[in-house]
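Participant: For what it's worth, my numbering labels the leading residue of the sequence shown as 122, then goes sequentially. Here's a structure for you.
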Amino acid sequence: MVRVCVVGSLNADLVVRVCRLPEVGETVTGGVFHTFPGGKGANQAVAAARLGAQVRMVGKVGADSFGRELRAALTRAGVDDGWVGVDPEVPTGVALIGVEESGRNLIMVAPGANARLRPEDVPAECVEGSDVLLLQLEVPVPTVLHAARLGKAAGALVCLDPAPAVDLPDELWRLVDVLTPNQGEAQVLTGRPVRDVHSARAAAEALLARGVAWVVVKLGEQGAVYASAGEWGHVPALRVRVVDTTAAGDVFSAALGVALGEGWSLPSAVQFATCAAGLKVTRMGAQAVPSREEVEAALGQGLDPSGPFW
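This is the structure we're talking about:
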């Protein structure tokens with residue numbers, strides 16, 4: 122069983138499902154409210170566990186009901202939450218999410234305790250023994266850099282989902298084995314438009330030049346483009362009925378890390394991740410993740426290039 126360590130965020134997702142997302146200054150009524158566990162780090166941790174990995178989570182919550190509920194959700198998913206700290210001075214992170222009938226979403230985040238996750242909260246022993254280290258950018262960049270150093274020293278495959286996209290130190294690029302930006306993040310990181318498979322390939326090659334070993338650009342309904350030195354390819358998206366796209370990218374990145382940690386080739390791992398993310402968007406809630414058996418069944422049926430994915 123592949124061993125995964127996730128260093129990242131935990132948020133309570135406060136979700137309103139509406140017929141359509143409002144314009145600036147507009148109020149849309151008639152929505153249905155839900156509360157779900159979320160946060161990019163916790164979403165990846167739950168996804169990795171559901172997909173067959175042994176997972177530990179490193180993060181921080183507040184001393185409030187949201188924090189207790191988020192840790193309980195990790196435990197229910199089989200994730201070791203022993204490295205999730207509690208900060209009594211700040212609230213747990215919260216995400217306000219609007220989801221329209223098409224599945225598109227709009228998200229605002231108050232980071233709360235996530236912003237207080239310091240390098241000293243990530244000791245070497247929490248990463249040691251891991252095959253894969255999953256990172257995102259909803260916690261401070263110095264903490265992400267510290268964790269990446271530990272992951273590299275421990276011999277783990279270091280995977281970074283650069284979301285939300287921010288300027289990164291040069292050292293971090295060289296520590297990352299697998300980078301998984303979505304279309305918008307790839308555009309921010311490279312300063313070039315990313316609209317289709319060909320522009321995604323160009324962006325991936327630009328990111329490879331910064332020292333990353335593998336880049337996978339998530340293109341939503343257009344699937345995913347992967348690239349490494351001397352190799353690139355495109356995997357089409359699944360054809361599914363979209364319910365909620367929230368955390369589809371988190372599930373993709375976690376599934377990719379699990380598959381690569383198990384020794385899959387990059388093209389096969391991207392197919393596995395595409396299936397996992399495609400099944401996720403058929404369900405409401407960030408951590409409504411398909412099981413390993415469901416993903417393998419979808420893989421067995423083959424990928425449908427006719428779309429749409431979401």
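All C-beta atoms in this analysis are idealised placements derived from N, C-alpha and C, irrespective of residue type, glycine included. Predicted, not measured: the structure shown is a model, and the values here were computed from it.
1) In the DSSP assignment, find the alpha helix (DSSP H) that holds residue 264 and state where it starts and stops.
2) At what residues does the alpha helix (DSSP H) containing residue 396 begin and finish?
3) In three-state DSSP terms, what is residue 202?
4) With residue 215 and residue 231 assumed to form a contact (beta carbons below 8 Å), what rounded beta-carbon distance in angstroms separates them?
5) Between the region 175 to 189 and the region 386 to 406, are three or more C-beta pairs nearer than 8 Å?
6) In its own chain, which residues sit with a C-beta less than 6 Å from the C-beta of residue 171, not counting the 5 before and 5 after it?
7) When you compare only the Cα positions, how much space is there between residue 147 and residue 319?
8) I need the DSSP call for residue 186, collapsed to helix, strand or coil.
9) For a minimum of 3 consecutive residues, which ranges assigned as the beta strand (DSSP E) are wholly contained in the region 201 to 256?
10) Per DSSP, what kind of secondary structure is residue 83 in: helix, strand or coil?
11) Going by beta-carbon coordinates alone, are residue 371 and residue 164 separated by less than 8 Å?
12) Assign residue 251 to buried or exposed, taking buried as 16 or more other Cβ atoms, counted over all protein chains shown, within 10 Å of its Cβ.
13) Any idea if residue 382 is buried or exposed, counting beta-carbon neighbours within 10 angstroms, 16 or more meaning buried?
14) Closest by CA to residue 201, which one among 224, 236, 211, 248?
15) Compute the distance between the beta-carbons of residue 235 and residue 210, then report whether it is under 8 Å.
16) Straight-line CA distance for residue 429 to residue 178?
17) Using the three-state DSSP reduction, which class does residue 371 fall into: helix, strand or coil?
18) For residue 157, is the classification buried or exposed, using 16 other Cβ atoms within 10 angstroms of its Cβ as the cut-off for buried?
Facilitator: Reading it off the structure:
1) 262 to 275
2) Taken as a continuous stretch (DSSP letters only), the alpha helix (DSSP H) holding residue 396 covers 387 to 401.
3) Taken through DSSP and simplified to helix, strand or coil, residue 202 comes out as strand.
4) 5 Å
5) no
6) 410, 412
7) About 37 Å.
8) helix
9) 201 to 208, 214 to 221, 226 to 231, 253 to 256
10) Absent from the model: residue 83. The displayed extent of the chain is 122 to 431, so no value can be given.
11) yes
12) buried
13) The residue in question, residue 382, is buried, as its Cβ has 16 or more Cβ neighbours within 10 Å.
14) 248
15) no
16) With a pLDDT of 37 at residue 429, under the threshold of 50, the modelled position of that residue is not reliable, and no figure is offered here.
17) helix
18) buried
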